[in-house]
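The numbering used here puts the sequence shown at residues 95 to 297.
Comments concern the structure below.
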Amino acid sequence: MKIYYIGILKNDIKPAHELCAEKDLSAYGIFTRSSVSEFMTFSAKTIAERTRPGQRQDVESNESTCHAYAHQSGLCSILITEQTYPSLIAHQILSKIMDEFLTLHPLSSFTTTSANASLNTTLDLPNLRGYLLQYQDPENVDSVMRVQRELDETKIVLHKTIESVLERNVKLEDLVAKSEGLSGQSKLFYKQAKKQNSCCVVM
């Protein structure tokens, strides 16, 4: 069981904006890490934009799952893991990092009237790297960090493919082609991996 990505995004704007994130790219070759990293961010933004306030959802793709929790504040916490990672524990982590982020950064600290200003904002969550490492083993997650009943009462929507999250008539290939967050090298990497039916972990 592995966590590849953990982060907080501002998802009440489009494109969603990554405020803070940590990634584990150790499973990938040195020449593909840059492209895989970009696709993790792309996937996180794509899912965050399609997660409504108060909603929790899991989106499966290849051998990974993107877990998302959208807070009413216009923020979304994202965890990308192997599919074997327990969903309930993933959502406990999402709640924990969201609570810590909002305690450290009240909404006023990153809400601006200028869309361009908010797009350039990155904020720190000091424990995020530590959580990425510590929670590689789900047994390290403190089961009382969040009231269990809250998660039990909240339905986690499961999508078997990323395509099922997209709007009707929207194709993943078109989103990849239009994305400004993906380099030409990463777009080529996606096309080649798609042809070989072995795309990167997050797509």
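Yeah, the Cβ is synthetic: ideal placement off N, Cα and C, and Gly gets one too.
Bear in mind the structure is a predicted one, so any value in this text is a computation, not a measurement.
Classification of K117 by the beta-carbon crowding that lies within 10 angstroms, buried from 16 upward = buried
request  = Classify I172 as helix, strand or coil using the three-state DSSP reduction.
outcome  = Residue state, collapsed to three classes: strand.
ask   = Can you tell which of Q286, V251 and L201 has the C-alpha that lies nearest to the C-alpha of E267?
value = Q286
query = Where does Q286 sit, in a helix, a strand or coil, going by DSSP?
reply = helix
message = DSSP three-state label for S120, please.
response = coil
key: R150 - partner residues in DSSP beta bridges   = Answer is Y163 and I250.
message = Tell me the rounded alpha-carbon separation between Q166 and N221.
response = Cα to Cα, the separation comes out at about 23 Å.
ask   = So is V264 buried or exposed if we call it buried at 16+ other beta carbons inside 10 Å?
value = exposed
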